[in-house]
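K.L.:
Mind looking over this structure? Questions follow.
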Amino acid sequence: MEAVPRMPMIWLDLKEAGEFAFNAAVKKSAVSVPRDFEGCSTLRKYLGQLHFLQSRIPMGNGQDAAVPVTWTEIFSGKAVTHEDIKYEQACVLYNLGALHSMLGAMDKRVSEECAAGAFTYLRDHFPHSYSVDMSHQILSLNINLMLGQAQECLLEKSMLDNRKSFLVARISAQVVDYYKEACRALENSETASLLGKIQKDWKKLVQMKIYYFAAVAHLHMGKQAEEQQKFGERVIYFQSALDKLNEAIKLAKGQPETVQEALRFTMDVIGGKYNSAKKDNDFIYHEAVPALDTLQSVKGAPLVKALPVNPTDPAVTGPDIFAKLVPMAAHEASSLYSEEKAKLLRDVMAKIEAKNEVLDQFMDSMQLDPETVDNLDMYNHIPPVLMEKCAALSVRPDTVRNLVQSMQVLSGVFTDVEASLKEIRDLLEEDEAQERKLQELLGRVPPAPGSPPGLAEVSKECSKYLELHEKASFTNTELHRAMNLHLGNLRLLGGPLEQVRAALPTPTLSEDDKQVLQNLKRILAKVQEMRDQRMSLEQQLREMIQKDDITTSLVTTDRSEMKKLFEEQLKKYDQLKVYLEQNLAAQENVLKALTDANVKYAAVRKALAEVEHK
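Here the sequence shown is numbered in full-length UniProt numbering, starting from 1 and rising by one per residue.
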C-alpha cells in the first residue's frame, strides 16, 4: 500500500478584507499575503501586534476607540462589519487556518495540524456571532477535517516507513473517527444550510474516505493476523476490507481521477490479498473463519493534535511595536487572571474526563444500545438479507434439481474412478505375481518382495491416487451430508414468501419480560440525560470563561489587591461547579441501577439473541 496514489484533501478559501481604519500599508501587507509559509508568518505577526494594540487602546465592541472593521463572509460573499478589533483578529486567525489548510492540501502535506490549531484557538477564544463562517459548528467541522487530514498524512508516512501492521491499522481507524465527526457535522441541517453548495461535495468526499480508510484499517488487521498465523481471522479481515472498499467505490462516483486511481490500486491490493488468503485457508489451513463482530474492534490511535496558537509569542510576533504606549501592568495582570481561569477549567475538566472514561468503559462493556435493546420490530418482516436470497432463488427455480443432479453425476464419476483404480491395482498385482513365477522357473534367486523395478514407479503412482481417492471419498460424504442438510432450506427459500415468513422464529415475551425491557430503556435514557447535562454544563463553563474579561477592572486596581480581586471574580463560577459536582456524583447511582437492570435483562437478552440468531 506504500505506493497508493494520494487522496485529494479539502482546503478552505481565505476571507477578503474590507474597511479598517488602520495604516493602509500595514493593512495591505497583512491581508494580501502570499500563499506560502511566509504568508503564514506575516499573518502571525499581524495577529500578535493586533493583540498588543487591543490590550492598550479601547478598540473593542462598544469601546471609545472602536472603528468599523469589514471582511467578506466566505460562503455568501457578503460584507460583514463590526466595530470591534477582535473581529479583525478573528478574521486574520481564520485566514491563518485557511492558508495552512491550503498548504496542507499540496504535495508536502505538512500543515493540517497548524490549521487545526488556528481554528481551535478561534473557536475557544472569540465570539461565534461575528459571521457564519466563524460559527461554532463550522469551526468544529474545520477542526475535525484538518485533524483527519493530518492523521491521513501520518498514515501515508507510516505505510511508506513500513510500520507494524497493527499500528498502521490503529492510525487508519483514527482517520475514520475524525472523518465520522466531520460527517456528523456535515449532516447537521443547520451546518448544511450554512455551508451552502459545498456541503454536498465535502460530504460525498468525507463519506467515501470513511469507508476507504476503514478498508485500509481492516487490510492491516488482516496482515497482522497473517503475521500471527491466524488464518481464519485473516480471511474475515480481508473480506471486511473488500466490503468497505466496495462501499467507498460506490460513493466515489463523480470524484476526480486521482480518487479513482487510488481506489483501483487499493482494490488490486485488497482483492489479491483476500483471494490468496481464502484459497490458502480453503485448501491448506482449514481454519474456521470467525464472524467479524466476535473480534476485537480496531481502536483509533490519535497521533496528531491541534498545534497551540500563542498570539503573544515574541519568537513569532517580533518586537511589540506598541510597547511605549502604555504600561504592561494591566496586560500582565489580565494574563495572570486568564491563567487562573485556565487552571479552574483544567481542574474541572480532569474530573469530567475521569468520570467520562469510567462511563465510556462501562457502557462499552454493557454493549447496550437504547434504540435496539429489544429490536422487536425486525420480526415484523423478512430481513433484507434473506429477501435477497429469496429473490436470487426465485429467478433460478431449477437450483435444487440441478444441485441434486450434479451430486448424482459426481457420485457416478467417483464410482467409475474407483473401479478404474481397483482394476489398475489388480493388473499390477497380477504382473508382479507372474514376474516372480518366471524368475522361479528360470532357477534364479527368488527376488525380494515387491514390484519389479520397471513397475515400481507405476505402483507408487497407483498407491498415491488410491490415497487421494480415499480422501475424496470423505469429502464427497461431507458434501452429501451438507447438501441433504440444506435442501429443505433451499426449497423453503425458493417457495412463497408467506411460507418463509411463517418459518421464521419470533420471540415470546411475558409481561414481566416487557417490564424488564422498559425499565432498562428508562435507565439508559437517564444515562443519556446525564451525559447531555454534563456536556451542556461544560459548554456553559467554557463560554462563561471565554466572555470573562476583567481588563477594565484591572487597570484601576492596585497591584497589591490583584489576588483579592481574582478570588472575588472567580466566585462567579461556584454555582456551575456545584451543578457539575452533582452531575458527576450521580453517576455512581445511575450505573448501579443500570447494573441491576442489566442483570434482570440477561435472561431476556439471551432469549432475544437466540431468536435473532435462529
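By construction, the Cβ of each residue, glycine as well, lies at the ideal position given by its N, Cα and C atoms.
If you're wondering where the values come from, they're calculated on a predicted model, not measured in any experiment.
At 4 residues or longer, what runs of the alpha helix (DSSP H) sit wholly inside the region 36-91?
P.N.:
Those alpha helix (DSSP H) runs which fall completely within the region 36-91 and span 4+ residues are 37-54.
K.L.:
Among residues of its own chain, excluding the 5 on either side of GLY232, which ones have a beta-carbon nearer than 7 Å to its beta-carbon?
P.N.:
Hits under 7 Å: ASN281, GLU287, ALA288, VAL289, PRO290.
K.L.:
Within its chain, find whatever has a CB closer than 8 Å to the CB of ARG35; leave out the 5 residues flanking it on each side and keep chain order.
P.N.:
Same-chain partners within the cutoff: LEU99, MET102, LEU103.
K.L.:
One question on the structure: do VAL235 and LYS278 come within less than 9 Å of each other, judged by their Cβ atoms?
P.N.:
Yes, they are a contact pair.
K.L.:
Are the CB atoms of LEU490 and VAL500 within a distance shorter than 9 Å?
P.N.:
Cβ distance not < 9 Å, so VAL500 and LEU490 don't count as in contact.
K.L.:
Could you give the distance in angstroms between the alpha-carbon of MET9 and the alpha-carbon of SER338?
P.N.:
Taking the straight line from one Cα to the other gives about 36 Å.
K.L.:
With a Cβ-Cβ cutoff of 9 Å, do LEU537 and LYS341 count as a contact?
P.N.:
It is not a contact, given that the beta carbons lie outside the stated cut-off.
K.L.:
I need the DSSP call for GLY196, collapsed to helix, strand or coil.
P.N.:
Looking at GLY196 - three-state DSSP - the assignment turns out to be coil, as it is neither helix nor strand.
K.L.:
Kindly list the residues whose CB is nearer than 8 Å to the CB of LEU154, restricted to its own chain and excluding five residues on each side of it in sequence; keep chain order.
P.N.:
Here the set comprises ILE171, LEU303, VAL304.
K.L.:
Do the region 86-94 and the region 120-130 touch if we need at least three Cβ pairs shorter than 8 Å?
P.N.:
Touching, yes, given that three or more Cβ pairs across the two stretches are closer than 8 Å.
K.L.:
Should SER463 be labelled buried (16 or more other beta-carbon atoms within 10 Å of its own) or exposed?
P.N.:
SER463 is exposed by the Cβ-count criterion.
K.L.:
MET208: buried (16+ other C-beta within 10 angstroms of its C-beta) or exposed?
P.N.:
Classification for MET208: buried.
K.L.:
If we cut at 9 Å on Cβ distances, does ALA609 have a partner in chain B?
P.N.:
No chain B is part of this structure, which consists of one protein chain only.
K.L.:
Is there contact here, the region 75-85 with the region 58-67, by at least three beta-carbon pairs under 8 Å?
P.N.:
A contact exists between the region 75-85 and the region 58-67.
K.L.:
Could you pull out every residue in the same chain whose Cβ sits closer than 8 Å to the Cβ of THR506, ignoring the five residues on either side in sequence?
P.N.:
Excluding positions up to five away in sequence, the list reads TYR379, VAL611.
K.L.:
Here's a check: name, in chain order, each residue in its chain whose Cβ is nearer than 7 Å to the Cβ of SER140, leaving out the five neighbours to either side.
P.N.:
Excluding sequence neighbours, SER140 sits near ARG123, ALA185.
K.L.:
Specify the secondary structure class of PHE283 as computed by DSSP and reduced to three states.
P.N.:
In the structure shown, PHE283 sits in a helix (DSSP, three-state: H, G or I).
K.L.:
Based on the DSSP secondary-structure assignment, which residues constitute the bridge partners of ALA17?
P.N.:
Answer is TRP71, bridged to ALA17.
K.L.:
Quick check: what's the CA-CA separation for SER394 versus ARG481?
P.N.:
Between SER394 and ARG481, the C-alpha separation is close to 24 Å.
K.L.:
Just curious, the alpha helix (DSSP H) that SER394 is in, first and last residue?
P.N.:
Here the alpha helix (DSSP H) through SER394 covers 384-394.
K.L.:
Which residues mark the beginning and the end of the alpha helix (DSSP H) in which ALA306 is found?
P.N.:
Run containing ALA306: none; DSSP gives neither H nor E here.
K.L.:
Let me know the secondary structure DSSP gives SER32 once reduced to three states.
P.N.:
Here SER32 sits in coil by DSSP.
K.L.:
My guess is that VAL316 and GLY117 are in contact by the Cβ rule of under 8 Å, so how many angstroms apart are they, rounded?
P.N.:
With a Cβ gap of about 12 Å, VAL316 and GLY117 do not count as contacting.
K.L.:
Could you tell me which whole alpha helix (DSSP H) segments of length 4 or greater appear in the region 158-216?
P.N.:
If we require 4 residues or more, the alpha helix (DSSP H) runs fully inside the region 158-216 come out as 165-187, 189-195.
K.L.:
Going by the CB atoms, is the gap between TYR212 and ALA150 shorter than 9 Å?
P.N.:
Result no, Cβ atoms of ALA150 and TYR212 do not sit closer than 9 Å.
K.L.:
Would ASP426 be called buried (16 or more neighbouring beta carbons within 10 Å of its own) or exposed?
P.N.:
By the neighbour-count rule (16 or more Cβ atoms within 10 Å), ASP426 is not buried but exposed.
K.L.:
For LEU509 and MET363, what's the separation of their Cα atoms in angstroms?
P.N.:
Cα to Cα, the separation comes out at about 25 Å.
K.L.:
Should the region 195-204 be regarded as contacting the region 235-246, the criterion being three or more beta carbon pairs within less than 8 Å?
P.N.:
The region 195-204 is not in contact with the region 235-246.
K.L.:
Around the Cβ of ILE270, are there at least 16 other Cβ atoms within 10 angstroms (buried) or fewer (exposed)?
P.N.:
Label assigned to ILE270: buried.
K.L.:
Tell me whether the region 520-530 and the region 585-592 touch, counting them as touching only if at least three CB pairs, one residue from each stretch, are closer than 8 Å.
P.N.:
In short, these stretches touch, since the Cβ pair count reaches three.
K.L.:
Can you give the beta carbon distance from GLU423 to LEU455, rounded, assuming they're within the 8 Å contact cut?
P.N.:
Not a contact, Cβ separation roughly 15 Å.
K.L.:
Confirm, please, whether the CB-CB distance from VAL206 to ALA182 is below 9 Å.
P.N.:
Taking 9 Å as the Cβ cut-off, ALA182 and VAL206 qualify as a contacting pair.
K.L.:
Within 10 angstroms of its Cβ, does LEU487 collect 16 or more other Cβ (buried), or is it exposed?
P.N.:
Counting Cβ neighbours within 10 Å, LEU487 comes out exposed, since fewer than 16 surround it.
K.L.:
Could you spell out the range, first to last residue, of the alpha helix (DSSP H) harbouring PRO314?
P.N.:
Run containing PRO314: 314-317, per the alpha helix (DSSP H) assignment.
K.L.:
Quick test of your reading: LEU12 and LEU47, contact by CB under 8 Å. State the CB separation rounded to the nearest angstrom.
P.N.:
That pair is no contact at about 17 Å.
K.L.:
Note down the Cα distance separating MET146 from HIS136, rounded to an integer number of angstroms.
P.N.:
Spanning the two alpha carbons is a distance of roughly 15 Å.
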